[in-house]
Structures are given as structure tokens and as C-alpha cells.
Amino acid sequence: MTEPTADIGVIGLAVMGRNLIMNMNDHGYVVAAYNRTTERVDEFLQDDAAGSNVIGVHSLEGLVASLKKPRRVMLMIKAGAPIDASIDALIPLLDDGDIIIDGGNSLYTDTIDRTQRVEGAGLRYIGTGVSGGEEGARHGPSIMPGGSPEAWPFVKEIFQTISAHVEGVPCCDWLGTDGAGHYVKMVHNGIEYGDMQVIGEAYDIMHRGLGMSHEDMHAVFTEWDRGKLDSYLIEITSDIMATKDEDGQPLLEKILDAAGQKGTGKWTVISSMEMGQPVSLVGEAVYARVVSALKDQRVVASGVLSGPEARIGDDKQLVLADLHDALYASKIVSYAQGFMLMDAAGDEYGWDLDFSLIASMWRGGCIIRSKFLSEIMKAYQEQPELRQLLLNEFFAHEVQAAQAGWRRTVARAIAAGIPTPAYSSALAFYDAYRTHRLPANLIQAQRDYFGAHTYERIDRERGEFFHTNWTGTGGDVSSTTYEV
17 MTEPTADIGV IGLAVMGRNL IMNMNDHGYV VAAYNRTTER VDEFLQDDAA GSNVIGVHSL
77 EGLVASLKKP RRVMLMIKAG APIDASIDAL IPLLDDGDII IDGGNSLYTD TIDRTQRVEG
137 AGLRYIGTGV SGGEEGARHG PSIMPGGSPE AWPFVKEIFQ TISAHVEGVP CCDWLGTDGA
197 GHYVKMVHNG IEYGDMQVIG EAYDIMHRGL GMSHEDMHAV FTEWDRGKLD SYLIEITSDI
257 MATKDEDGQP LLEKILDAAG QKGTGKWTVI SSMEMGQPVS LVGEAVYARV VSALKDQRVV
317 ASGVLSGPEA RIGDDKQLVL ADLHDALYAS KIVSYAQGFM LMDAAGDEYG WDLDFSLIAS
377 MWRGGCIIRS KFLSEIMKAY QEQPELRQLL LNEFFAHEVQ AAQAGWRRTV ARAIAAGIPT
437 PAYSSALAFY DAYRTHRLPA NLIQAQRDYF GAHTYERIDR ERGEFFHTNW TGTGGDVSST
497 TYEV
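Quick note, in the working numbering, the sequence shown goes up one by one and the last residue is 500.
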């Protein structure tokens, strides 16, 4: 029998799987590659992996036989049922202590269940987010692992070696038990939705509101990328503005304005509702994509529903300066909301999430990598118990300094009929969060009036509940609490 030689096995030879394998190979690891359609294994060995140390296998039995113990098997396949089917097929073939790794975008609750199932079979399980797309997978992604803590020492070296590095620090570290890694990746993707939306709103104001050319927008985004907004997404937006089609016209204007989505943004919003956290900007970013997908309806509506001319006549340089501040302040709010959500999830699931570490891991390799994240990392290093990023001195100063331009931008957009759901919702959250007394007292009175849901009083201790017989005809109420 041939002695096992592979350090890790990877199942799934789509773009991410192939590139991760070659990344591992470049760093001296021997990888066994398997795909359910075995022809793809042979094609891979003749193409990208030609001349490498990658071992191609044509069966799960062959994959397992090629691996050193404890065996490490990484699934780079579609989330959902395919993951469960692969786990079911692997469990009988593996030995106690072997490790199954899900490197896809699985829903964190599925990862919680799978961790229990795999551990119950005597194995170890890791659910890890991998961000960075094709380029990141090939040259260094951000990797966000969680699951069975006993598995981490056996994958730590591989994962941290192949990940992106910023200032010598790997963009990969252990996040917590069961679904922690996939939860952090989910929130990362939700924030990504938000970042893309705030940039899209800036483009809309520049293009429709100011009538700017793509060359001028390219120059603005290039300039922004040198300052506070320095980030991968701003950088690629600058590149997109400069890209021409075969006829010399801007390619961007020939792309259908109907955005797709794969679910992680929606999952973030659903989780925020379950956790009672106001992740409103990501919610608006998800709904903006939903509205964009209603293309046929919007075409009809554009001929029926009227609005103001989408032109902003103010001083162009002032508008752009204010727009920069609106994007920047909204981005701060979006990240503040995202970290609020992770904080609540950590409490709910018993994950001791290190927010400074998470911000550090997101500085390189991933889609939301930016200069901005170094400031978040620093904020949580200085205040590990910080529960709201907006209360950090640096971010409180930044958002307050930007708010005048932010407000003017939203006002201009409303006057011109240009939708800015991300800027508007972020500003509404900021104003609500800084307000000592909100009109929720009226909502509680209404709830008690029609449903006897009770209320608390500002002149009594919290936790004491009251009901008023508003009509004089209602009965007694025995409720001692209410749902927030």
C-alpha cells in the first residue's frame, strides 16, 4: 500500500477550489484534488496543476487513502444539500480525529448543526469563510475559521500560510466554536453589500445628478482611493469607470441595471432581526438589489410615475466634497451596525469574538479590505469592551465632522429624485441613536391600548410593567413583560 503523502484534500474544482489548491501548492503543501465529475480532475492536472505536486484522485476512497493523519478534507462546493451529502459520504471513510472543513458560504446555523453531527461521529469540523474571490484564493485570501477548537492546531499553519498578510500579520485566525467562522463571513458579506451600495449611490449622484463623464468619475474615485476611502472596492470602481467597450464607449453603461445576490446579505438582515440589532444600511442595500431586479416593472413605472429632474445644480466641487463625506459617514455607520450584530451573536451563541482580530483579518485578501479597517482594529485594541463603534473617540469625531455634508447630500438627492437608501437609512440610524427620547412611548401606548401589551414608566424602575384601561371597558391584564 502506498504511503499517504498529501497534507490536505480538496473536494470541488470550481474557481475557488482550483485557486486555493494552487495557492497551497505554491507554499509547499501537497494537495489531493477530487471532483465528483472526475473528468475535471484530469483537466485540472493537465491545465493549472500541470507540473505541480497536486495529486489527482478519482474517488473519495482514493482521496482519503492519500491523506496523512489526521486527515484534512476541505469542501469547496455549493452550500446546502451538497455539503451534507459530502459529510455523509466522508464520515464512514474517516477515522477518529480526522477533520472535515467547509470552505464555502454556508449558513451559520447549518454549520452549528454540522459541527454537532460530525463531532458526534468522533471527527472534527471546521466551517470557514474564505473571502477574496478568484484573485484572493490564488494569492492570499482572508480566511475566517470556526468549529471544533481541537481541529485548529492541525490546520493553522496551512491556513495562515496561504492567507493574505498585512504588516506581516496573517488575515486568518481562529474565531470560535461551531458557526462562528461562517457567521463572521456572513456579516463580512453583508457589509460588502453595504459598501457596494454606498459607492453605487455616489456613482448615481455623479452620473445623473452632476452629469459627469466616466473619465471625470474615474478621476474622482482615483482621488478618493488615496485618502480616507482607500479600499479595494473604490479601487475597482475607478478601474470600471475607465473601462471601454469595443466601440470605445464606457462599458458600464451597457451593463443591465439588475443586480444579483446569492443570499449572504439576506441572511445578515434576517439574523439582525432575530438578534434585535438595527443593521439598517445592509437591509437597504439588499432591498436596493431587489428593486433593481424589478427591471421590467421599473421601465413601465418610468413612463407613468413622475418626479423632479435628476439634476443637481449646486457647485460641483462642493457637491463632490459633501458626497465624499456622505459615503464615508454611511460606511462608518454600516460597520458600526455590523459589529453590533456580531456582538449580539457572540452573546447569543457563546462566541468570544475578538473584534480587533476580525478587523485585522479583513484588512487584506477580502473584498472589503481597506485602510479604514486599521482604524477599527485600533479602536477595539484601545477599548476591547467597546460595544458601539460610534462611541469610540475617533469614529465619533469622524462622523460628526462629516455629517453636514452627509445631510446636504441626502437633501440634494431627495430634491433631485435620486434614491439614496443607504445614505438616508444610515443618517436616520445616526439621528435615532444619538436621540435621548424617541417617539416609541407612543407606540407602546398604542400597543397597550389595542392589545394590552403593557408598558414601562420613566418614573418607575425598569422591569416593572403597567397597563391602562384606555377605554374604560377593557378587562384586567396579567402580562408582566412585553416583546421588544
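The C-beta atom is built at its ideal place from N, Cα and C for all residues, glycine as well.
Practice problem: Tell me, please, whether the region 369-378 touches the region 248-267 by the rule of three or more beta-carbon pairs shorter than 8 Å. | Solution: In the pairwise beta carbon analysis, the region 369-378 is classified as not touching the region 248-267: fewer than three pairs are separated by under 8 Å.
Practice problem: Please state whether DSSP places lysine 260 in a helix, a strand or coil. | Solution: DSSP places lysine 260 in strand when its eight states are reduced to three.
Practice problem: Output the distance between the C-alpha atoms of glutamate 401 and leucine 369, rounded to the nearest integer angstrom. | Solution: Rounded to the nearest angstrom, the two C-alpha atoms are 11 Å apart.
Self-check item: Chain-order list of residues whose beta-carbon lies under 7 Å from that of tyrosine 124 (same chain, five-residue window excluded)
Solution: Setting aside the 5 residues that flank it on each side, tyrosine 124 is surrounded in the same chain by Gly195, His198, Tyr199, Met202, each with a C-beta closer than 7 Å to its C-beta; the list follows chain order.
Quiz item: Is DSSP giving aspartate 112 helix, strand or coil here?
Solution: If DSSP states are grouped into helix, strand and coil, aspartate 112 belongs with coil.
Quiz item: Run through DSSP, which three-state label would arginine 379 get?
Solution: In this structure, arginine 379 counts as coil in the three-state DSSP scheme.
Self-check item: C-alpha distance - leucine 407 paired with tyrosine 396, whole-angstrom precision
Solution: Rounded to whole angstroms, leucine 407 to tyrosine 396 spans 11 Å at the Cα level.
Quiz prompt | Supposed contact pair tyrosine 45 and glycine 25 - C-beta distance, whole angstroms, cut 8 Å | solution = By a beta-carbon distance limit of 8 Å, glycine 25 does not contact tyrosine 45. Their separation comes to about 11 Å.
Practice problem: In angstroms with no decimal places, state the Cα-to-Cα distance between glycine 487 and glycine 467. | Solution: The displayed chain sequence assigns threonine, not glycine, to residue 487. Approximately 12 Å between the Cα atoms of the pair.
Quiz item: Is there at least one Cβ from chain D nearer than 7 Å to valine 80's Cβ?
Solution: Absent here is chain D; the protein component of the structure consists of one chain.
Quiz prompt | Boundaries of the alpha helix (DSSP H) in which isoleucine 221 is found, first to last residue | solution = Per DSSP, isoleucine 221 belongs to no alpha helix (DSSP H) and is neither H nor E.
Quiz prompt | Whole-Å CB distance - isoleucine 392 paired with glycine 148, under 8 Å assumed | solution = That pair is no contact at about 19 Å.
Quiz prompt | Under the three-state DSSP convention, the category proline 437 falls into | solution = In the structure shown, proline 437 adopts helical secondary structure according to DSSP, grouped into three states.
Practice problem: Kindly confirm or deny that the region 210-229 and the region 424-431 touch, where touching means at least three C-beta pairs closer than 8 Å. | Solution: The region 210-229 makes contact with the region 424-431; the number of CB pairs closer than 8 Å reaches 3 or more.
Practice problem: Please list, in chain order, all residues of the same chain as leucine 339 whose beta carbon is under 7 Å from its beta carbon, the five residues on each side excluded. | Solution: So the qualifying residues of the chain are Ala218, Ile221, Thr425.
Self-check item: CB-CB length for glutamine 213 against alanine 95, believed under 8 Å
Solution: The pair is not a contact, with the Cβ atoms about 23 Å apart (cut-off 8 Å).
Quiz item: Mapping DSSP to helix, strand and coil, what is aspartate 273?
Solution: Of the three classes helix, strand and coil, the one that applies to aspartate 273 here is coil, per DSSP.
Self-check item: Separation of threonine 259 from serine 350, as counted between CA atoms
Solution: CA-CA distance, serine 350 to threonine 259, rounds to 29 Å.
Practice problem: Using DSSP bridges, identify the partner residues of proline 400. | Solution: None, per the DSSP bridge assignment.
Quiz item: Is it true that the region 219-239 meets the region 178-194, where meeting means three or more beta-carbon pairs spaced less than 8 Å apart?
Solution: No: fewer than three Cβ pairs fall under 8 Å.
Quiz item: Tell me which same chain residues have a C-beta within less than 6 Å of the C-beta of glutamate 166, skipping the five on either side of it?
Solution: Close CB contacts of glutamate 166 within its chain, under the 6 Å cut and outside five residues either way in sequence, are with Arg140 (chain order).
Quiz item: Out of curiosity, what's the CA-to-CA distance linking alanine 461 and isoleucine 250?
Solution: In this model, alanine 461 and isoleucine 250 are separated by some 46 Å (Cα to Cα).
Quiz item: Are isoleucine 514 and threonine 144 closer than 7 Å when you measure CB to CB?
Solution: The first residue shown for the chain is 17 and the last is 500, placing residue 514 beyond what the model contains.
Quiz item: Just how far apart, CA to CA, sit arginine 34 and leucine 106?
Solution: One C-alpha to the other measures close to 21 Å.
Practice problem: Determine which residues share a DSSP beta bridge with histidine 181 and list them. | Solution: When DSSP reads this structure, histidine 181 sits in a beta bridge with Pro186.
Practice problem: Below 6 Å CB to CB, which residues in the same chain sit around lysine 311 once its five sequence neighbours on both sides are set aside? | Solution: When the five nearest sequence neighbours on each side are left out, the beta carbons in the same chain lying within less than 6 Å of the beta carbon of lysine 311 are those of Ala274, in order along the chain.
Practice problem: Mind checking who threonine 144 pairs with in its DSSP beta bridge? | Solution: Its beta-bridge partners are Pro161.
Exercise. Flag histidine 43 as yes when its Cβ comes closer than 6 Å to any non-hydrogen atom of the ligand MG, and as no otherwise.
Key: This structure lacks the ligand MG; in fact it carries no ligand of any kind.
Practice problem: Provide the residue span of the alpha helix (DSSP H) that contains isoleucine 430, from first to last. | Solution: 409-432 is the span of the alpha helix (DSSP H), which, as asked, contains isoleucine 430.
Exercise. Taking 8 Å as the threshold, find out whether the region 351-359 comes into contact with the region 330-338 through three or more Cβ pairs.
Key: In short, these stretches do not touch, since the Cβ pair count stays below three.
Quiz item: Under the three-state reduction of DSSP, which class applies to proline 169: helix, strand or coil?
Solution: In the structure shown, proline 169 sits in a helix (DSSP, three-state: H, G or I).
Exercise. For phenylalanine 482, write down the residues that DSSP places opposite it in a beta bridge.
Key: Phenylalanine 482 is bridged to Tyr471.
Quiz item: Can you tell me the Cα-Cα spacing of asparagine 205 and alanine 345, whole angstroms?
Solution: Their backbone Cα atoms lie some 19 Å apart in a straight line.
Exercise. Would you kindly work out how many angstroms separate the C-alpha atoms of glutamate 117 and histidine 43, rounded to a whole number?
Key: Checking the sequence, you will find isoleucine at residue 117 rather than glutamate. Going by the C-alpha atoms only, they are around 19 Å apart.
Quiz item: Can you tell me whether DSSP reads valine 298 as helix, strand or coil?
Solution: DSSP places valine 298 within a helical segment (H, G or I) once states are collapsed to three.
Exercise. Grab me the residues of glycine 433's own chain with a C-beta within less than 8 Å of its C-beta, minus the 5 sequence neighbours each way, in chain order.
Key: Taken in chain order, the residues that qualify are Gly323, Pro324, Glu325, Ala326.
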